[in-house]
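So the structure is just underneath, and the comments pick up after that.
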Amino acid sequence: MATSVSARDGGPPSPDAPPSRPRPARSEDAARRRGRLHRWDVKAAPYLFVSPFFLTFAAFGLFPLLYTGWLSLNRVELGGDPQWKGLENYTDLATSEFFWNALLNTFTIGVISTVPQLMMALGLAQLLNTKLRGRGFFRVAVLAPYATSIAAATLVFAQLFNTDYGLINSALGWAGLGPVDWESSKWPAQIAISVIVIWRWTGYNALIYLAAMQAVPHDLYEAAALDGATRWRQFVSVTIPSIRPTILFTIVVSTIGSTQLFGEPMLYGGSLGISGGSGNQYQTLSLLMYEKGWVTGALGQASAIAWVMLLLLLLLGAGRVLVARARARRTKLEG
Amino acid sequence: MRTKTRPSSAGRPLHAGPLTYVLLGVATLVSLFPLYWNVVAASHSGKRVVTAPAPLLPGPKLLDNLSYAWNQVDMGEALINTTIVASLVAVSTVLFATLAGFAFAKLPFKGRSMLLALVVATMTIPPQLSVIPLYQIVTDLGWVDQLQSVVLPSLVAAFGVFFMRQFLVEALPVELVEAARVDGAHSLRIVWHVVFPVARPAMAVLGMLVFVQAWNDFFWPFIALTPEGSPTLQVALAGLGAGNHTVDHAVVLTGALLSTVPLLLVFAFLGKHIVGGITAGAVKN
Numbered sequence: 001m002a003t004s005v006s007a008r009d010g011g012p013p014s015p016d017a018p019p020s021r022p023r024p025a026r027s028e029d030a031a032r033r034r035g036r037l038h039r040w041d042v043k044a045a046p047y048l049f050v051s052p053f054f055l056t057f058a059a060f061g062l063f064p065l066l067y068t069g070w071l072s073l074n075r076v077e078l079g080g081d082p083q084w085k086g087l088e089n090y091t092d093l094a095t096s097e098f099f100w101n102a103l104l105n106t107f108t109i110g111v112i113s114t115v116p117q118l119m120m121a122l123g124l125a126q127l128l129n130t131k132l133r134g135r136g137f138f139r140v141a142v143l144a145p146y147a148t149s150i151a152a153a154t155l156v157f158a159q160l161f162n163t164d165y166g167l168i169n170s171a172l173g174w175a176g177l178g179p180v181d182w183e184s185s186k187w188p189a190q191i192a193i194s195v196i197v198i199w200r201w202t203g204y205n206a207l208i209y210l211a212a213m214q215a216v217p218h219d220l221y222e223a224a225a226l227d228g229a230t231r232w233r234q235f236v237s238v239t240i241p242s243i244r245p246t247i248l249f250t251i252v253v254s255t256i257g258s259t260q261l262f263g264e265p266m267l268y269g270g271s272l273g274i275s276g277g278s279g280n281q282y283q284t285l286s287l288l289m290y291e292k293g294w295v296t297g298a299l300g301q302a303s304a305i306a307w308v309m310l311l312l313l314l315l316l317g318a319g320r321v322l323v324a325r326a327r328a329r330r331t332k333l334e335g
Numbered sequence: 001m002r003t004k005t006r007p008s009s010a011g012r013p014l015h016a017g018p019l020t021y022v023l024l025g026v027a028t029l030v031s032l033f034p035l036y037w038n039v040v041a042a043s044h045s046g047k048r049v050v051t052a053p054a055p056l057l058p059g060p061k062l063l064d065n066l067s068y069a070w071n072q073v074d075m076g077e078a079l080i081n082t083t084i085v086a087s088l089v090a091v092s093t094v095l096f097a098t099l100a101g102f103a104f105a106k107l108p109f110k111g112r113s114m115l116l117a118l119v120v121a122t123m124t125i126p127p128q129l130s131v132i133p134l135y136q137i138v139t140d141l142g143w144v145d146q147l148q149s150v151v152l153p154s155l156v157a158a159f160g161v162f163f164m165r166q167f168l169v170e171a172l173p174v175e176l177v178e179a180a181r182v183d184g185a186h187s188l189r190i191v192w193h194v195v196f197p198v199a200r201p202a203m204a205v206l207g208m209l210v211f212v213q214a215w216n217d218f219f220w221p222f223i224a225l226t227p228e229g230s231p232t233l234q235v236a237l238a239g240l241g242a243g244n245h246t247v248d249h250a251v252v253l254t255g256a257l258l259s260t261v262p263l264l265l266v267f268a269f270l271g272k273h274i275v276g277g278i279t280a281g282a283v284k285n
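Protein sequence lines correspond, in order, to chains A and B. Mapping of the first sequence onto full-length UniProt numbering: position 135 corresponds to residue 135, and the numbering continues sequentially without gaps. Mapping of the second sequence onto full-length UniProt numbering: position 226 corresponds to residue 226, and the numbering continues sequentially without gaps.
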């Protein structure tokens, strides 16, 4: 390695080097060339190093993103040529009850999976942030669901939630409660799907919170304790404000994740998965997009749904920026 | 990266009381029970799994189900495909992300902060937005059911670039890079002799995280590959689970178990490092 590199560093004399120069000037020339090479290397290397990311993104991210936008303005069948339709795909969505149903389902499943998940993760992190025997074991144990794929987790939970023979209804029976229809009733089905999401991600988020909690200076707790604050009070008034940026980070990541929910509802429903259950009661935007594109074959409409998802994320992002700005202004006024 | 900036008085935790252990015990139980039950279900006949109440203890059919899943449904081939895909994606992501992360962390160049912001912004773009044209491209190239259709779009990811940059900003003294330059080393040589040795722990962690993610990836592989062609484990599982009502659920869950066990083994042996990696990747404000 080293020899080949240094050989290239010195470089063989390039053919366009003036041959008539006297000898001492040659080494000077080589030095200048080396300097030029060096300068070129310093200038170009950073771009070379970041280029694989941007090339991959351009080919498999940006170009498809824009092309999807263009397709959304056309009528496109699988394998056919696009036909210009203007905004018709979008106006069709606006009047489609399937679209509004999917949008609402994405929102409700997003809320009932994200909110309990992050709150439980906070509590779990607080528990793990103590002097603890076997903390390594507990950490790996709560992270184990993260190692399970969406497909595997969903197939297991679909059995546990089965209305007729699933263990969850059996347990409810042993507790003296009636069985719940976890498949065809809207809210139970949405809750079951949320449970899969919560199960897979709570431990992961708890570890992120734990790392943030460990960076909170202990003096703050000592001061709070001197002021007579209980452990709960310390959690609310010291821990939470101190790790606010991390909480915000997990909210953003989970929100993005929940707008894309696809595998859980699809596999949870078995043969009814793509339509999100017998009455579309848990069809998400991603599922509707897949159904439009790959079952109905209407790729233009599917593209319009994809772009609506992008618009939703942009709206959420804009909302976040506004909130942050308002808060900054408030603290400025107070300070 | 994690411990260096922590004030000396930070992180002195309270002692755990009995209630803490009880609650953590419950959390552990909830985390592990579905995995345990997956083993139970994979060791019974399909009929027993769907008889109320579902079994709670392991049965005698594990080997039968395994051999059926291996020979009749070809989970073995899916396992190999998944290993190939996840390994290629992990290796290329680690390599390219380290190069890009190094450039963003330590090399001055025009447009650096703008390009870095762009990298971070791309993390929020959902895969749904590119799937339709990607599918058309893959179809036109005749790549449906070919593993490269899953590998190529994942050669490098924004998360990896950002992760390596965060690590190298603190872990790599800029003097080391400058000294190597003064000695006449060119950039690739600096990467090989200075950056890679410093970055090795972060590269290992990133490699594991990306491997797990690629192993479990579902949405795009489900579109680009078919259960009948050369599926990854997740696609094969979707094919098993989404079928009609004559599905043998014990076999489906045996497949699920086969797809989970390799990663669980990785976690059992490298759990500490993965825990460290997840927390290191996320908590940098």
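Here a beta-carbon is modelled for each residue, glycine too, at the ideal position from N, C-alpha and C. These figures come from a predicted structure and were not determined experimentally.
Cβ neighbour criterion (16 or more within 10 Å) applied to residue i
| i | result |
| --- | --- |
| Phe269 (chain B) | exposed |
| Pro245 (chain A) | exposed |
| Arg36 (chain A) | exposed |
| Leu19 (chain B) | exposed |
| Phe137 (chain A) | exposed |
| Trp220 (chain B) | buried |
| Trp100 (chain A) | exposed |
| Ala236 (chain B) | buried |
| Ala324 (chain A) | exposed |
| Glu28 (chain A) | exposed |
| residue 382 (chain A) | A query on residue 382 (chain A) cannot be resolved here, the shown segment of chain A reaching from 1 to 335 and no further. |
| Asn280 (chain A) | buried |
Endpoints, alpha helix (DSSP H) assigned at residue i
| i | result |
| --- | --- |
| Ala103 (chain B) | 75-106 |
| Gln128 (chain B) | 128-140 |
| Ser258 (chain A) | 244-259 |
| Arg200 (chain B) | 196-216 |
| residue 345 (chain A) | No answer is possible for residue 345 (chain A): the residues shown for chain A start at 1 and end at 335. |
| Trp100 (chain A) | 97-128 |
| Ala185 (chain B) | Here Ala185 (chain B) belongs to no alpha helix (DSSP H), and DSSP marks it neither H nor E. |
| Gln234 (chain A) | 231-234 |
Candidates the options: closest to residue i by CA position
| i | options | result |
| --- | --- | --- |
| Pro108 (chain B) | A:Gln301, A:Pro217, A:Ala45, A:Asn74 | A:Ala45 |
| Ala78 (chain B) | B:Pro231, B:Ala103, B:Phe267, B:Ser67 | B:Pro231 |
| Ala304 (chain A) | A:Asn162, A:Leu103, A:Tyr165, A:Leu87 | A:Leu87 |
| Ala192 (chain A) | A:Thr154, A:Asp227, A:Ala223 | A:Thr154 |
| Trp201 (chain A) | A:Ala189, A:Tyr146, A:Thr56, A:Ser271 | A:Tyr146 |
| Ala206 (chain A) | B:Gln136, B:Leu24, B:Gly229 | B:Leu24 |
| Val275 (chain B) | B:Gln234, B:Tyr21, B:Ala204 | B:Ala204 |
| Ala59 (chain A) | B:Thr51, B:Gln148, B:Pro153, B:Ala16 | B:Pro153 |
| Val111 (chain A) | A:Ile256, A:Val308, A:Val76 | A:Ile256 |
| Ser45 (chain B) | B:Ser31, B:Trp37, B:Asp64 | B:Asp64 |
| Thr148 (chain A) | B:Gln213, B:Val73, B:Val177 | B:Gln213 |
| Pro58 (chain B) | B:Ala103, B:Val177, B:Ala250, B:Ile278 | B:Ala250 |
| Phe134 (chain B) | A:Ser184, A:Gly293, A:Leu311 | The sequence given here has Leu at residue 134 (chain B), not Phe. That would be A:Gly293, whose Cα lies nearest to the Cα of Leu134 (chain B). |
Chain A contact residues for residue i, given Cβ-Cβ distances below 8 Å
| i | result |
| --- | --- |
| Gly207 (chain B) | Those do not exist, as Gly207 (chain B) stays about 15 Å from chain A at its closest Cβ, beyond 8 Å. |
| Val177 (chain B) | The premise fails here: Val177 (chain B) is roughly 11 Å from chain A at the closest Cβ pair, so nothing lies under 8 Å. |
| Phe219 (chain B) | Gln260, Phe262, Gly263, Ser286 |
| Gly241 (chain B) | Ala151, Thr154, Leu155, Ala158, Leu267, Gly270 |
| His44 (chain B) | Within 8 Å Cβ-Cβ: nothing; His44 (chain B) doesn't reach chain A, min ~11 Å. |
Listed by chain order, chain B residues near residue i by CB distance under 8 Å
| i | result |
| --- | --- |
| Trp232 (chain A) | Ordered by position in chain B, no residue passes the 8 Å Cβ test against Trp232 (chain A), which lies about 13 Å from the chain. |
Chain B residues whose Cβ lies nearer than 7 Å to that of residue i
| i | result |
| --- | --- |
| Pro145 (chain A) | Ser31 |
| Met289 (chain A) | Gln128 |
| Ala223 (chain A) | What Ala223 (chain A) touches in chain B: nothing, since even the nearest Cβ is about 11 Å away. |
| Ser303 (chain A) | Ile132 |
| Tyr282 (chain A) | Simply none; closest approach about 15 Å. |
Listed by chain order, chain A residues near residue i by CB distance under 7 Å
| i | result |
| --- | --- |
| Asn216 (chain B) | Ser149, Ile150 |
| Ala16 (chain B) | Thr130, Lys131, Leu132 |
| Asn38 (chain B) | Val156 |
| Leu23 (chain B) | Leu127 |
| Thr122 (chain B) | Phe57, Gly61 |
Interface residues of chain B facing residue i [CB-CB closer than 9 Å]
| i | result |
| --- | --- |
| Gln309 (chain A) | First, the residue type needs correcting, since residue 309 (chain A) is Met and not Gln in the sequence shown. Here the neighbours are Pro126, Gln128, Leu129. |
Chain-ordered neighbours of residue i on chain A, where CB pairs are closer than 9 Å
| i | result |
| --- | --- |
| Gln234 (chain B) | Ser149, Ile150, Ala151, Ala152, Gly263 |
| Leu253 (chain B) | Ala152, Leu155, Val156, Gln159 |
Original post:
What residues from the stretch 180-193 of chain A come within 9 Å of chain B, judged by C-beta to C-beta, listed N to C?
Top reply: none
Subject >> Near-chain A residues of the stretch 132-156 of chain B - C-beta to any C-beta below 9 Å >> reply: Ile132, Pro133, Leu134, Tyr135, Gln136, Ile137, Thr139, Leu152, Pro153, Ser154, Leu155, Val156
Original post:
Got a sec: which bits of the stretch 262-274 of chain B sit with their beta carbon under 8 Å from any beta carbon on chain A, in order along the chain?
Top reply: Leu263, Leu264, Val266, Phe267, Ala268, Gly271, Lys272, Ile274
**OP:** For the stretch 79-95 of chain B, enumerate the residues whose C-beta is nearer than 7 Å to any C-beta of chain A, in chain order.
**Re:** none
Original post:
Quick one, which residues of the stretch 231-260 of chain A are near chain B if we go by CB-CB under 7 Å, in chain order?
Top reply: Pro245, Thr246, Phe249, Ile256, Thr259, Gln260
**OP:** Scan the stretch 79-94 of chain A for residues whose Cβ lies nearer than 9 Å to a Cβ of chain B and list them as they occur along the chain.
**Re:** Gly79
Original post:
Given a limit of 8 Å on CB to CB distance, which residues of the stretch 96-109 of chain B reach chain A?
Top reply: Phe96, Ala97, Leu99, Ala100, Phe102, Ala103, Phe104, Leu107, Pro108, Phe109
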